[in-house]
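Position 51 (the sequence shown) corresponds to 50 in numbering that gives the first Met the number 0; numbering is contiguous.
First the structure, in the form of C-alpha cells, and then the observations on it.
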Amino acid sequence: MKRNIFEGSSGKMEPFIRSDQYHFLKQQLRHIVQTNALVNDREMVRTVQGLAMDKMKDVFHGLTDLQKRLLEGMTELEDRTDMEMFEARILPLVHPFEMPEEGEVRSLFPHLSRVKTPVLGTGVDRRDLTYVSWFDPGLDRKFIVTYREGVLTGMEGSFTYSGRKNMCVICREHEYVGLFVTDATAYKRKGNYVCKDSITCNRNITDQKHLHKFMDDIKR
Ligand SMILES: [Zn+2]
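See the structure below:
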C-alpha cells in the first residue's frame, strides 16, 4: 500500500459490513496476497485484484462513496502486512451480532418451555457471528438463531454428532458435522449436516444466503 487510504476517512464511520461480508473480504484479501507472493507477474496480480473488486460489487449494495473508496483500497494490497493492516481497519466497521434477550428467544420457540438464552464463550468476537447456535442437553435440542432483514428468527431440532468431516449446509466447508433434524425434516425423513462447532462454522461463512436457504428449505 503506497499511502494510507483511510487517513481521516474511517475515523467516524459507522459499521456497515456484515459478518459474512467481512469473511468474504478476508478470503479475497488472502487470495490477492497469495497470488502476489506466488506469481511474479503484475498483469496476473492486477487480474486477481480486478476479479476481487467485481465480486465485491456483487456482495455489497448501496455503499456510499466513502465506503466504496475504503473497500477499493483492497486493490492496493501487496503483502501480508498490508493485508493485516487492512483487516484491522475494516474490523471496527463490522456489525457485531446482537445477542437476543431471554424473552425474545422464548417467543421464537413458544412450544418449548424453559428455553435458555445462549451464552457466548470467552474469546468469541460477535463480529464473527452470522448466527448463534447452542445445544440444550435438558431439552436435547440444538437451537439456531439469526437475523433476517433485522428480524430475529430461529429453528430447533435434534442433533447427532457424526464424528466425521463432511460438507456443512450452512458454511459450505468440510468440517466435523452432525445431523440436524427438525420436526419438519423428520417428517420428510431428511436431515442436514451442520458443523458441530458453530463458532468455526460462523468464521467460515462468506455468504449468509446458504443459511437462509437452509432455513427456508426446512420450513417447506
Ligand atoms: Zn458450518
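Note that CB positions come from ideal geometry on N, CA and C, so glycine has one too.
Within the same chain, show all residues whose beta-carbon is closer than 6 Å to that of R125, passing over the 5 residues directly before and after it, in chain order.
For this step, residue 125 is matched to residue 126 along the sequence shown. Excluding residues within five positions, the ones whose Cβ falls inside 6 Å are P95, F96.
Residue environment, V104, which counts as buried when at least 16 other CB atoms sit within 10 Å:
If you number the sequence shown from 1, residue 104 lands on position 105. With 16 or more other Cβ atoms within 10 Å, it is buried.
Can you grab the Cα-Cα spacing for the pair R220 / H30, in whole Å?
One cannot answer for residue 220 here, as it falls past the ends of the chain, which runs 0 to 219.
Does the stretch 168-176 come close enough to the stretch 146-153 to have 3 or more Cβ pairs within less than 8 Å?
The stretch 168-176 is not in contact with the stretch 146-153.
Length of the line joining the Cα atoms of D227 and N165
In this structure the chain extends from 0 to 219, so residue 227 is not present and cannot be described.
Report all residues for which the CB-ligand distance to some heavy atom of ligand 1 is below 5 Å; order them along the chain.
The answer, residue by residue, is C167, I169, C170, C194, C200.
Give me whichever residues DSSP pairs with F158 in a beta bridge.
For this step, residue 158 is matched to residue 159 along the sequence shown. Among the bridge pairs identified by DSSP, F158 is matched with F179.
Would the stretch 68-87 and the stretch 8-27 be scored as touching if the rule is three or more Cβ pairs under 8 Å?
With the cut-off at 8 Å, the stretch 68-87 and the stretch 8-27 touch.
Just verifying my parser: in three-state terms, what is the DSSP assignment at D215?
Translated into positions along the sequence shown, residue 215 becomes position 216. Annotated three-state conformation of D215 is helix, per DSSP.
Under 8 Å Cβ to Cβ from F108, same chain only, skipping five residues before and after it: list those, please.
For the purposes of this step, residue 108 is identified with residue 109 of the sequence shown, where counting begins at 1. Cβ within range, chain order: V114, F142, G153, E155.
On the DSSP bridge assignment, give the partners of K164 in chain order.
The residue given as residue 164 occupies position 165 in the sequence shown. Per DSSP, Y175.
Express the C-alpha separation of V47 and E101 in angstroms, rounding to a whole number.
Within the sequence shown, the letter at position 102 stands for residue 101. Within the sequence shown, the letter at position 48 stands for residue 47. Put simply, the backbone Cα of E101 is about 46 Å away from that of V47.
If distances are taken between C-alpha atoms only, which option among V118, Y192, P14 comes closest to L65?
The count along the sequence shown starts at 1 and reaches residue 65 at position 66. With distances taken between Cα atoms, L65 lies closest to P14.
Buried or exposed for R2, going by 16 or more other Cβ atoms inside 10 Å?
Counting from one through the sequence shown, the residue named residue 2 turns up at place 3. At R2 the pLDDT is 46, less than 50, meaning the model places this residue with poor confidence; the figure from the coordinates comes in the next sentence. Note on R2: under 16 other CB atoms within 10 angstroms of its CB, so exposed under the neighbour-count rule.
Measuring CB to CB, does D92 end up less than 8 Å from I16?
On the sequence shown, position 93 is the one that residue 92 refers to. On the sequence shown, position 17 is the one that residue 16 refers to. Contrary to the premise, residue 92 reads as Leu rather than Asp in this sequence. Contact: yes.
Between the C-alpha atoms of E75 and F85, what's the straight-line distance to the nearest angstrom?
Residue mapping note: residue 75 aligns to position 76 of the sequence shown, counting from 1. Residue mapping note: residue 85 aligns to position 86 of the sequence shown, counting from 1. The alpha-carbon atoms of E75 and F85 are separated by roughly 10 Å.
Rounded to whole angstroms, what's the CA-CA distance from S161 to G177? Just pull it up for me.
As a working mapping, residue 161 is identified with position 162 in the sequence shown. As a working mapping, residue 177 is identified with position 178 in the sequence shown. Rounded to the nearest angstrom, the gap between the Cα atoms of S161 and G177 is 5 Å.
Determine the contact status of V118 and Y130, defining contact as a CB-CB distance below 8 Å.
What you label residue 118 is simply residue 119 of the sequence shown in a count that begins at 1. What you label residue 130 is simply residue 131 of the sequence shown in a count that begins at 1. The beta carbons of V118 and Y130 sit no closer together than 8 Å.
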